Amino acid sequence: MPDRDDQEERTLWHAMSGDEVLERLDASQNGLGAEDARERLERYGPNRLQQDEGTPWWRRLLGQFNNVLMLILIVAAVASLFLGKFLDASAILGVVIIIALIGFIQEGKAEKALDSIRDMLSPKAKALRDGHQSEIEAEELVPGDIVRVEGGDRVPADIRLLESNRLEAEEAALTGESTPVDKSDEAVDEEADLAERSSMLFAGTIVAKGTATGVVVQTGSQTEIGRISEMLRGVEQLQTPLVQQLDRAGRILAFCIVGAAFLTGAFGVLIHDQPWADMFMAGVGLAVAAIPEGLPAIVTISLALGVQSMAHKNAIVRRLPAVETLGSISTIFSDKTGTLTRNEMTAQAIWLPEGEFRLSGIGFAPEGKFHLAPRNGAPGEHDEQERHGKEERHGEEEDYGEEIASEDYSALTHFLQVGALCNDAELCHEDEAWSIAGDPTEGALVVAAAKAGFDTHDLNGEHPREDGIPFDSERKYMATLNDLEGKRLLLKGAPDRLLDMCEKERGTEGDVELDHDTWEARIHELSSRGLRVLALAEKDAGDVSGELKDDDVEHGLTLLGLVGLLDPPREAAIEAVANCQKAGIRPVMVTGDHAVTATAIADQLGFARTERALSGHEIEAMSDEELEREITEVDVYARAAPEHKLRLVQAMQARGGICAMTGDGVNDGPALKRADVGVAMGVQGTEAAKEAAVMVLTDDNFATIVAAVGEGRKVYDNIRKTTTFILPTNGAESLAILLAILAGITLPITGLQVLWVNMITAVTLGIALVFEHAEDNVMQRKPRDPHAPLLDLFMLWRVIFVSILLVVCVFAVFSWILYGQGGSAEQARSGAVNMLVAGEIAYLINSRYLLNNTLSLSGLFGSRPVLLAIALVVVVQLGWTYLPFMQTVFGIEGLTLSHWGAIVGASVAVYLIVEAEKWVLRRRQAHTESDADRVATAPTAH
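Heads up: the sequence shown begins at 1 in full-length UniProt numbering, then just goes up one per residue.
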C-alpha cells in the first residue's frame, strides 16, 4: 500500500486499468475491512481539506497601529501625557483610535474562500466495508475504499471508475466545461487534460445521471479540489497600487516630520534659549500639523462611496482598495462559458446535400429564420474566406444568405424531425423565459426544430418511440426506434463515429454511396468555425424485433447531414470588449474549451489577437521567462487548468500589468486571489469563487466590469483632488509653526487647534470632493501607470504653492490682530485658525477642477455637496469661535466684524490667485501641445 509521501509525483490513475489501480492500492472489489480502513485513516488522515484558523480580531486591531505615522502620533501622545498636557494627549489619542477603528472595520470581513471549498465536499458516502455497503461519513473515506455513486450525488473523493452505467458528471466548477461530461471505466491517455479524464470522478463535482462503482484513489488535500485549496492557501494577495503609494508616501513623510520636528526643537532651545519642554510640545505640534490625519478617513469614505455606487450597477466589491485598483487595470482575464457566452447551446448551421443552411436567433428562445448560405467554393475554402473578411465584417450583421421557408426543403424538415425525436431534452417556457430541461446540446436540436414549427410533444405523439439506446462515451451515439414513415432507426452522435457506421448518404435524388472525403471536409469546416459538430443518420428498421441492440444500428446507415452547434457570445459582452479596448484595457480569454472553439468565440467578440491560441500543455512547457514574452502576444488560452490561470496572472504582473481575473468555478480561485482584482460571477459562480474574489457581479455580465472600471477611475480622480486639497492645509500649519520657532515668536496655532482643523473642518470639506462626477473622457484614457506617484510634479507644485499662500494669510491675520489691533494671543490665534479654515473653503472651490476654470455658475454653485459642506463648516466654526466651552478648551477668544472682514477678503484673494495660477498653467499646456503638433506635422527632410 503506497504512502502519501511516496506520491510526490502524482500517480496517473486515469491511465491505468481498474485491476492495476486495485493492485496498486492493495484493495479489492469487495472493499476494505474495518481494521484496514482504520489503519489507512491513520496513515492518510481524514478526507477533509486543511483549515487555517484565521487572524484573531485583536491581532487585526493591533495591526492598525503598525504604521509609521500612527507610531509618531502615539509617541507624541505619550510624551504629552508625561509633560502634563492631558488635553493634548487625549485629543491625539482620540485621533489615533478613530483612524485605527476605520481600518479595523474595513478589514473586519474574514476571508472564507477555503470554507467555501470545504463546503463542496460531500458529507456522506456509500462505501463497501467488510463486504457490505453502508453509508459512512465522507471524512472517513480512505484510498482503496470501494464507493458507489448515482445521479444527484456529490462526489466525495477522487475516484477511479471500475464500473459505470450511462454515467455523466457536471464538472463546470472544476474544469469549466459547461455541459455534463460522459464517464466510463476505460483508461485514457496519460497526457489527457483534467477535462478529458473520463475514467475519473473528482471530489466536489456532481453526478448528473447514471450509476457507477469506483475505488477511492485520493482524499483530502491530495484530491484535485484539494490541490486548488492548497494553491489558494499559498497564493499571495497583492497590495493595491493606492495602498502601496500611501505606504511609500507615509514613510517619506514620517522621516521628514521626525527630522524637522527634532531640528526645529533643537533650534529653539539652542538659539533662542527656549525651555526644552515648550520646544518639545512645539515639535509635537509640528508633527501633528504635518500628518494628514483626516486623509485616511477621506480615502476610506471615497472608496466606500465607490462601493455603494458599484453595487447599484450590479458589482459588489468585498475589499475597499479594489475600487481604486479597477481604475488602473490593463488586462482582464476572463473565463468563456457563461461569462463571455450565454451558456445556451444553439444550432447555427446544418449541412445537407442541398448545401449549408444557417439559422438566425441565439439562445433557447425558438425565434429565428432559416437561410440557404451562399456557396463559396469547395468545402474547406469557407473558413479561409471567413478569416479573410472578419475585420471588414466585424460589428455588422452576419450574412446568413437567402431566407427560405423550411417546409420547402423536405430534407431539412426530415433532418429537424430526426434531431427532435432522437432526443431526451425538453423546451420549457416559464416566467417569460425559455430554458432546457436536459442536456443543452440536445436542447439545441429541439430549439432548431421549434424554429421550423415542430413541437416535440406533438412529434413524439405522432411518431412514438418504441425503444432506444442511450448515448455514452464509448459508443458515441444515441439511437431510437420510432414510427417515422415506417419503422425507422434514428441516430445522432459524433460525426467520426457515424461516418464509420454509414454506407450511404441522403442525396437530392435519393440515397447514394457515401463520399467520405466530402463529409470530412464539411466536418473540418464547421469545426474550424468553432462549432461543435453532430451527425444524424437513419436506417429502415423493418427487420428489427425485440429489444434494440448495438448490432442492430452499427452498420447499413444512411447519413442525413451535419449540424454545427455553438454557445453564442453575449451581445453585451461584444460591446463590453469594444469599450475595454477604447479604454486601453486588453481582454484575454482563458478557458477549458478547445482552441478552435475558443478562437472562434474570441473572433466574434472582437478580441484583437485571435490568430492562435496557447494550450495548457504549451503553457506547461514554457519557462516563466518564455511565458512572460508570450503573454502580451496571445489573447486566447485553451484547455487551461487552475495552475495555468495562476501562471498567466503572475506572468502579466511580472510584465508590470495590473490584472483582473473573472471566473465562476473553484478552479478559478487561486488566480482570482492572486489577481489585482478577482471578479466572480454572482449567479453561476460557486461560493468558493465569490469568496476568493474581491468583486462579485450580481448579473454575471461582463459589461458590468467596464462600468466598474469607469467608477474606479472616477474614485481615483476624486482621491487625487482630495489629496491636493488636504495637503496644503497641513503644509500651511507646519510652515506656521516652523517659521514661528525659527523666528522666536509666539506660535500662531497650537497642536490642539491643528487637530481641530485637520479632523473636523478639513475632513468635512474634503469629503465634498468625493461626490464629484466623472469627467467626460474618463473611459477614453489609457490605464494609469500603477507605479506613477500619487503626488506627481504638478500636484506637488500645487501643494507647495497653496501652502505658502495660506501661511502668508495666516501670519498676516495673526500679526494684524496681535500687533496692529492690540489683541491678545488667544484672539490672534482664533483669527489665524479661522483664516486657515476660510482659506480652505476658498481653495475647496478651486479644487473641484484641478486645471479647469471654476469662475462660472457651474464651477461656483454646481456641486450641492460642496455648498452643503461649506455651510456646515461655517456654522461649526462660528460655534468653535464663540461658545465659551470651546474657547476654554482651545485657548481662544471671539472675533470682531473687522476681523471677519479681513479674513473673508484674504480668502477671496486666495481663490482668485489660485485661479490665476491655473490660467497660467493652461496657457503653458496649450503652448506645449501646439509646439508638439507643429513638430508632428513638419515636413521630413530628405
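Beta carbons: idealized from backbone N, C-alpha and C, even for Gly.
All values derive from a computational prediction rather than experimental measurement.
Item	Value
Which of the three DSSP states is assigned to T662 in this structure?	strand
So, for L12: in the same chain, excluding its five sequence neighbours on each side, which residues have a beta-carbon less than 7 Å away from its beta-carbon?	E190
With a Cβ-Cβ cutoff of 8 Å, do Y843 and V914 count as a contact?	yes
According to DSSP, simplified to helix, strand and coil, what is G327?	coil
Near P46, what residues of its chain come up, given a Cβ to Cβ distance below 6 Å and the 5 sequence neighbours on each side ignored?	E139
So, at 6 Å on beta carbons, what are the nonlocal neighbours of E230 in its own chain, with the 5 sequence-adjacent residues on each side left out?	S221
Three-state secondary structure (DSSP) at L303?	helix
Output the distance between the C-alpha atoms of L806 and P748, rounded to the nearest integer angstrom.	13 Å
From which residue to which residue does the alpha helix (DSSP H) around Q753 run?	G751 to W756
Tell me which residues share the same chain as H371 and place their Cβ nearer than 8 Å to its Cβ, disregarding the 5 neighbours each side in the sequence.	F357, R358, L359, S360, Y400, G401, E402, E403 and I404
Work out the CA separation of A521 and P379 for me, nearest whole Å.	At P379 the pLDDT is 47, less than 50, meaning the model places this residue with poor confidence and gives no usable figure here.
Leaving out five residues before and five after L128 in sequence, what residues of the same chain have Cβ atoms less than 7 Å from its Cβ?	N30, G31 and I146
DSSP puts V799 in a beta bridge; with which residues?	DSSP lists no partner for V799.
List in chain order: all unbroken alpha helix (DSSP H) runs of 4+ residues lying wholly within the stretch 683-751.	687-692 and 702-743
Identify every residue that forms a DSSP beta bridge with D511.	R506
With the cut-off set at 8 Å, would you say M652 and I631 are in Cβ contact?	yes
Output needed for T480: all residues of its chain with C-beta closer than 7 Å, excluding positions within five of it in sequence on either side, in chain order.	L421, C422, R465, G468 and L490
Going by CA-CA distance only, name the one from R532, G556 and L531 that's closest to D540.	G556
For T928, does the count of other Cβ atoms within 10 angstroms reach 16, so buried, or fall short, so exposed?	exposed
Compute the Euclidean distance between the alpha carbons of V649 and Q877, then round it to the nearest angstrom.	51 Å
So, do the stretch 585-600 and the stretch 632-645 have three or more beta carbon pairs nearer to each other than 8 Å?	yes
Of all the options F202, C809, G879 and V874, which has the alpha carbon lying nearest to the alpha carbon of I903?	C809
Using a Cβ distance threshold of 8 Å, determine whether the stretch 327-345 contacts the stretch 409-418, with at least three qualifying pairs required.	no
Going by the CB atoms, is the gap between R319 and V706 shorter than 8 Å?	no
Can you give me the start and stop residues for the alpha helix (DSSP H) that Y849 sits inside?	Looking at the DSSP string, Y849 is not in any alpha helix (DSSP H), and its letter there is neither H nor E.
Could you tell me whether the stretch 719-735 touches the stretch 760-769, using the rule of 3 or more Cβ pairs below 8 Å?	yes
Within the chosen definition, does the stretch 565-573 reach the stretch 337-344 through at least 3 CB pairs nearer than 8 Å?	yes
Using only alpha-carbon positions, find the residue among G859, V875, Q827 and V874 that is nearest to S898.	Q827
Roughly how many whole angstroms lie between the Cα atoms of D455 and L531?	25 Å
When burial is assigned at 16 or more other CB atoms within 10 Å of the CB, is G731 buried or exposed?	buried
Would you kindly work out how many angstroms separate the C-alpha atoms of residue 951 and T346, rounded to a whole number?	This structure does not reach residue 951, given that the chain is present from 1 up to 942, and the question cannot be answered.
Can you tell me the Cβ-Cβ gap for D552 and V544, rounded? I've got them flagged as a contact below 8 Å.	5 Å
So, I136 versus V216, is the Cβ gap smaller than 8 Å?	no
Going by alpha carbons, who is nearest to L860 out of I841, G823, V875 and L627?	I841
Report yes if the C-beta distance between R506 and L560 is below 8 Å; otherwise report no.	yes
Considering only their Cβ atoms, is the gap separating E917 from F801 smaller than 8 Å?	yes
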